[in-house]
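Chemist: Shown below is the structure under consideration.
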Amino acid sequence: MSNPITFTIQKKLDGTLGRAGLLETPHGTIETPAFAAVGTKATVKAMTPEMLTGVGAQVVLANTYHLFLQPGDEIVARAGGLHSFMNWQGPMMTDSGGFQVFSLGAAYGKDISKITKETDPQLLLSEATNDPDNPKIATIDSDGVTFKSHLDGTSYYITPEKSIDIQHNLGADIIFAFDECTSPMEPIHYQREALDRTHRWAKRSLAHHKSKENSSRQALFGIVQGGRFENLRKESAEVLRDMDFDGYGIGGSFAKEDMTTAVAWVNAILPEDKPRHLLGIGEPEDLFAGVENGVDLFDCVAPTRAARNGTLYTKIGKLNLMNAKFVDDFTAIDEGCACYTCKNYTKAYLSHLFRAKEMLAGTLSSIHNLYFIINLVHSMRLAILDGGFAEFKKAFLDKYNEKTTI
RNA sequence: GCGUCGGUCGUAUAGCGGCAAUUACACGAGACUGUAAAUCUCGCGACCAUUGGUCUCCGGGGGUUCGAGUCCCUCCCGACGCA
Numbered sequence: 017m018s019n020p021i022t023f024t025i026q027k028k029l030d031g032t033l034g035r036a037g038l039l040e041t042p043h044g045t046i047e048t049p050a051f052a053a054v055g056t057k058a059t060v061k062a063m064t065p066e067m068l069t070g071v072g073a074q075v076v077l078a079n080t081y082h083l084f085l086q087p088g089d090e091i092v093a094r095a096g097g098l099h100s101f102m103n104w105q106g107p108m109m110t111d112s113g114g115f116q117v118f119s120l121g122a123a124y125g126k127d128i129s130k131i132t133k134e135t136d137p138q139l140l141l142s143e144a145t146n147d148p149d150n151p152k153i154a155t156i157d158s159d160g161v162t163f164k165s166h167l168d169g170t171s172y173y174i175t176p177e178k179s180i181d182i183q184h185n186l187g188a189d190i191i192f193a194f195d196e197c198t199s200p201m202e203p204i205h206y207q208r209e210a211l212d213r214t215h216r217w218a219k220r221s222l223a224h225h226k227s228k229e230n231s232s233r234q235a236l237f238g239i240v241q242g243g244r245f246e247n248l249r250k251e252s253a254e255v256l257r258d259m260d261f262d263g264y265g266i267g268g269s270f271a272k273e274d275m276t277t278a279v280a281w282v283n284a285i286l287p288e289d290k291p292r293h294l295l296g297i298g299e300p301e302d303l304f305a306g307v308e309n310g311v312d313l314f315d316c317v318a319p320t321r322a323a324r325n326g327t328l329y330t331k332i333g334k335l336n337l338m339n340a341k342f343v344d345d346f347t348a349i350d351e352g353c354a355c356y357t358c359k360n361y362t363k364a365y366l367s368h369l370f371r372a373k374e375m376l377a378g379t380l381s382s383i384h385n386l387y388f389i390i391n392l393v394h395s396m397r398l399a400i401l402d403g404g405f406a407e408f409k410k411a412f413l414d415k416y417n418e419k420t421t422i
């Protein structure tokens with residue numbers, strides 16, 4: 017049986033874990049490092065597939081939980097799979113629903129997300145803690161997770177096998193094992209327990225996947241967890257390394273300063289010849305840190321969500337287009353940017369679209385932000401290939417972090 | 001001319017004796033990292049301050065009251081009705 021994907025390292029970044037490579041999938045080759053556009057519900061919000069291509073997107077990540085609820089994986093299967101359903105012919109991935117274990121569980125109704133700056137011990141809440149004001153809608157047991165649909169309240173029980181079955185119906189080129197994304201606030205005893213569970217689920221996901229014919233055309237990535245703890249992260253990398261996954265995801269939510277170290281611990285252990293995907297990471301400084309530490313793939317909602325909310329990336333930092341000062345600023349969003357939006361529109365126009373609540377605001381902004389982030393990661397790849405990574409990183413970040421008043 | 005109902009923070013509203021005063025929108029700022037998100041949070045009379053305080057404030061003027069956006073008188077303005 018042939019492998020669904022092939023990963024080739026083209027060049028390594030000297031003195032680091034970084035590398036540039038080619039990841040061949042049934043729907044095309046991804047040049048890595050690469051940034052995947054997030055299309056949770058089989059659409060990158062506000063964008064058509066043609067726009068995605070125009071922005072340089074190579075791969076789209078959709079979501080198991082959301083598509084299972086709506087429209088249902090059976091419908092997607094009858095449509096011929098995600099690619100034909102959403103008219104995206106390039107490579108695709110699906111997340112397993114593991115993130116929803118976190119976002120609809122421990123994080124539900126709370127002010128914690130993928131990267132948490134808060135280190136307030138008040139937030140040291142165990143997953144087991146139940147806040148009566150915000151009853152979580154995902155509850156974990158040793159076998160799987162009960163989700164109460166955020167759409168209509170119906171309860172569904174998702175096991176590792178169920179997640180794989182759904183992902184087989186969805187038909188992405190790369191799928192992920194069902195895991196538990198934990199909060200960075202969890203104490204070590206809970207991380208230990210959750211990690212053991214994630215490892216059991218990884219094994220079950222893999223066994224179930226391998227038992228199906230789909231495993232010849234869909235690759236399965238196992239997901240490393242372990243919170244902020246070095247011993248757990250390393251153990252997780254070792255345990256998963258010894259299973260026959262096609263690649264690896266690095267998951268968990270982090271305190272800001274923990275992300276880079278966790279990635280470095282893990283990637284020093286994971287097999288070098290398999291691709292690694294850092295789940296849900298996407299701010300420029302984090303992308304540099306990921307690439308240097310051996311990450312090949314990223315995905316993040318930040319560029320598209322921020323875009324819809326009026327925040328645009330530029331070489332000199334982020335801009336909130338809702339600010340009064342942009343109302344009559346007739347310059348491009350990001351001077352010198354080659355994207356469709358920057359070539360054709362001004363800040364004043366985008367500002368007007370946002371204030372007028374016109375849909376095009378989200379579209380034009382998403383085009384720019386996705387182009388910006390995808391192009392940034394692509395530039396990192398080129399810098400690895402031509403040997404100028406360190407210089408590129410310094411030049412970019414110096415300018416990006418320079419607090420300029422516009 | 002008579003009668004009725006109304007005039008409150010940019011706009012629209014709430015308020016029926018203890019109010020710097022409700023709500024929405026607008027406005028100002030901030031947040032957003034495997035999408036419960038075209039969303040959310042905060043601010044929106046002024047000046048000090050650490051909790052808090054001082055002043056100004058509900059069309060104008062006068063009055064009743066410990067206390068008035070709220071009650072009374074009067075004037076101005078608007079809508080409607082009758083002439």
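Every position in the first sequence, counted from 1, becomes a number in my numbering once 16 is added. For each residue, glycine too, the CB sits at the ideal point set by N, CA and C. The structure displayed is predicted, hence computed values, not measured ones.
Go to Gln183, then tell me how far its alpha helix (DSSP H) extends in each direction, as first and last residue.
Modeler: 176-186
Chemist: Taking Cβ to Cβ, would you say Leu328 is nearer than 8 Å to Ile349?
Modeler: yes
Chemist: Considering only the beta carbon of each residue, do Phe237 and Ile190 sit closer than 8 Å?
Modeler: yes
Chemist: Would you call the segment 164-177 and the segment 91-101 touching, i.e. three or more CB-CB distances under 8 Å?
Modeler: No, because fewer than three Cβ pairs between the segment 164-177 and the segment 91-101 fall closer than 8 Å, the two stretches do not touch.
Chemist: Would Leu398 be called buried (16 or more neighbouring beta carbons within 10 Å of its own) or exposed?
Modeler: exposed
Chemist: Give every residue of the same chain whose Cβ lies closer than 8 Å to the Cβ of Val279, excluding the five residues on either side of it in the sequence, and list them in chain order.
Modeler: Ile266, Leu294, Ala305, Gly306, Asn309, Gly310, Val311
Chemist: Ordered along the chain, which non-local residues of its own chain (more than five positions away) have a Cβ less than 8 Å from that of Ala364?
Modeler: Phe342, Val343, Asp344, Asp345, Phe346
Chemist: Which parts of the segment 346-394 are runs of the alpha helix (DSSP H), unbroken and 4 residues or longer, counting only runs that do not cross its ends?
Modeler: 356-360, 363-371
Chemist: With distances taken from CA atoms, which of Ile21, Gly352, Gly326 is nearest Ala340?
Modeler: Gly326
Chemist: Of all the options Lys178, His215, Pro287, which has the alpha carbon lying nearest to the alpha carbon of Phe23?
Modeler: Pro287
Chemist: Inspect the CB distances between the segment 386-401 and the segment 57-76 and report whether three or more fall short of 8 Å.
Modeler: yes
Chemist: For the candidate residues Trp281, His224, Ser231, whose alpha-carbon lies nearest to that of Glu251?
Modeler: Trp281
Chemist: Looking only at its chain, what residues have a beta carbon closer than 6 Å to the beta carbon of Leu120, apart from the 5 residues adjacent to it on each side?
Modeler: Ile153, Ala154
Chemist: If you run the structure through DSSP and keep just helix, strand and coil, what is Tyr172?
Modeler: strand
Chemist: Measuring alpha carbon to alpha carbon, tell me which residue in Ser382, His43, Val240, Leu33 is nearest Ala62.
Modeler: Across the set Ser382, His43, Val240, Leu33, the C-alpha of Ser382 shows the shortest separation from the C-alpha of Ala62.
Chemist: Taking only three categories from DSSP, how would you classify Lys27?
Modeler: strand
Chemist: To the nearest angstrom, how far is the alpha carbon of Thr64 from that of Pro42?
Modeler: 22 Å
Chemist: Out of Gln86, Gly55, Gly333, state which residue places its alpha-carbon closest to the alpha-carbon of Thr170.
Modeler: Gln86
Chemist: Just curious, the beta strand (DSSP E) that Asp315 is in, first and last residue?
Modeler: 313-315
Chemist: If you measure between the beta carbons of Asn14 and Pro319, is that distance less than 8 Å?
Modeler: Nothing can be reported for residue 14, as the shown portion of the chain is limited to 17 through 422.
Chemist: For Leu39, which option in Glu229, Ala271, Asp289 has the closest C-alpha, if you only look at C-alpha atoms?
Modeler: Asp289
Chemist: Where do the N-terminal and C-terminal ends of the alpha helix (DSSP H) with Asn339 fall, by residue?
Modeler: Annotation: Asn339 is outside any alpha helix (DSSP H) and is labelled neither H nor E by DSSP.
Chemist: Considering Phe237, what are the terminal residues of the beta strand (DSSP E) in which it resides?
Modeler: It spans 235-240 - the beta strand (DSSP E) in which Phe237 sits, taken as one unbroken run.
Chemist: Shortest alpha-carbon distance to Leu401 belongs to which of Asp181, Asn230, Gln26?
Modeler: Gln26
Chemist: So within the segment 196-274, which uninterrupted beta strand (DSSP E) runs reach at least 3 residues, ignoring any that extend past its ends?
Modeler: Complete beta strand (DSSP E) runs here, min 3: 235-240, 263-266.
Chemist: Between which residues of its own chain and Ala58 is the CB-CB distance below 8 Å, once the five residues before and five after are set aside?
Modeler: Ala78, Leu83, Val92, Leu98, Phe101, Met102
Chemist: Below 8 Å between beta carbons: does that hold for Ile131 and Met275?
Modeler: Their beta carbons are under 8 Å apart, which means Ile131 touches Met275 by this criterion.
Chemist: Please go through the same chain and pick out, in chain order, the residues whose beta-carbon is closer than 6 Å to the beta-carbon of Pro107, but skip the five residues on each side of it.
Modeler: Same-chain partners within the cutoff: Thr41, His43, Gly44, Ile46, Val75, Asp189.
Chemist: Rounded to whole angstroms, what is the Cα-Cα separation between Phe115 and Asp414?
Modeler: 33 Å
Chemist: By Cβ distance, which residues of its chain are closer than 6 Å to Leu335, with the 5 residues on each side in sequence left out?
Modeler: Correct list, in chain order: Leu328.
Chemist: Assign Asn247 to one of two classes, buried (16 or more other C-beta atoms within 10 Å of its C-beta) or exposed (fewer than that).
Modeler: exposed
Chemist: Using only alpha-carbon positions, find the residue among Asn185, Glu273, Ala193 that is nearest to Ile160.
Modeler: Position check: residue 160 holds Gly in this sequence, whereas Ile was assumed. Comparing Cα positions, the closest option is Ala193.
Chemist: Can you check DSSP and say which residues form a bridge with His293?
Modeler: Gly265, Leu313
Chemist: Taking only the alpha-carbon atoms, compute the straight-line gap between Gly403 and Thr32 and give it to the nearest angstrom.
Modeler: 13 Å
Chemist: So, for Asn185: in the same chain, excluding its five sequence neighbours on each side, which residues have a beta-carbon less than 7 Å away from its beta-carbon?
Modeler: Asp89, Glu90, Val92, Ala93
Chemist: For the segment 83-131, which segments carrying the alpha helix (DSSP H) assignment without a break, of at least 4 residues, lie completely within its bounds, in sequence order?
Modeler: 89-94, 98-102, 114-117
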